[in-house]
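K.L.:
Okay, here's the structure, questions in a sec.
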Amino acid sequence: MTDDQQKLFDEPDEPPFVTVCKVGELDEGQGKAFPVGRRMVAVFLRENQYIAVDDFCPHQGASLAEGYLADGCVACPWHHWQFSLDDGTWVDNPKIAIDTFSVRVMDGKVQVQVPT
Ligand code: FES
42 MTDDQQKLFD
52 EPDEPPFVTV
62 CKVGELDEGQ
72 GKAFPVGRRM
82 VAVFLRENQY
92 IAVDDFCPHQ
102 GASLAEGYLA
112 DGCVACPWHH
122 WQFSLDDGTW
132 VDNPKIAIDT
142 FSVRVMDGKV
152 QVQVPT
């Protein structure tokens with residue numbers, strides 16, 4: 042077995058990218074929640090880049106897509122906990138974090154990669 046074959050054998054399959062919306066569907070600074078598998082994913086457009094995070098706030102379950110963006114974070118609409126859009130950490134306690142997901146644009150479609 043070659044090293045490349047072994048590498049393929051060792052690496053688990055990556056989850057597929059799933060289309061959630063078309064480019065242009067979100068306005069700058071806007072978020073929207075989309076179902077992906079069994080999860081809800083909050084997708085935001087910030088400075089012409091799409092960002093995807095878990096939509097479920099770990100405090101009491103608000104939809105983070107309904108929150109607002111400020112200082113590189115999304116703020117929960119209910120009690121204003123702020124989560125970094127870079128790594129999902131809660132600003133007040135980095136031991137708590139929401140998931141962040143890879144995003145790509147293909148053929149005018151916004152796609153997210155969400156582990157199952
Ligand atoms: S539900 Fe998000 S901060 Fe309370």
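First residue of the sequence shown? That's 42 in this note's numbering, and the numbers climb one at a time after it. Every residue, glycine too, gets a C-beta built ideally from N, C-alpha and C.
What are the partner residues of Val-59, as DSSP defines its beta bridges?
P.N.:
In the DSSP output, where bridge partners are listed per residue, Val-59 has Val-153.
K.L.:
With a cut-off of 8 Å, do at least 3 Cβ pairs link the region 98 to 105 to the region 52 to 68?
P.N.:
No, the region 98 to 105 does not touch the region 52 to 68.
K.L.:
Whole angstroms is fine: what's the gap from Glu-55's alpha carbon to Val-144's?
P.N.:
Between Glu-55 and Val-144, the C-alpha separation is close to 14 Å.
K.L.:
Rounded to the nearest angstrom, how far is the Cβ of Arg-80 from that of Val-155, given a contact under 8 Å?
P.N.:
Sure, about 6 Å apart at Cβ, within 8 Å.
K.L.:
Is the distance from the Cβ of Phe-85 to the Cβ of Val-153 below 8 Å?
P.N.:
Their beta carbons are not under 8 Å apart, which means Phe-85 does not touch Val-153 by this criterion.
K.L.:
Quick check on the burial criterion: 16 or more other C-beta atoms within 10 angstroms. Buried or exposed for Asp-95?
P.N.:
The residue in question, Asp-95, is buried, as its Cβ has 16 or more Cβ neighbours within 10 Å.
K.L.:
Would a C-beta distance cut-off of 8 Å place Gly-149 and Leu-110 closer than the cut-off?
P.N.:
The answer is no: Cβ separation not under 8 Å.
K.L.:
Could you tell me if Gly-113 is buried or exposed, where buried requires 16 or more neighbouring beta carbons within 10 angstroms of its beta carbon?
P.N.:
Gly-113 should be labelled exposed.
K.L.:
Look up Ala-103 in the DSSP assignment and say whether it is helix, strand or coil.
P.N.:
DSSP places Ala-103 in coil when its eight states are reduced to three.
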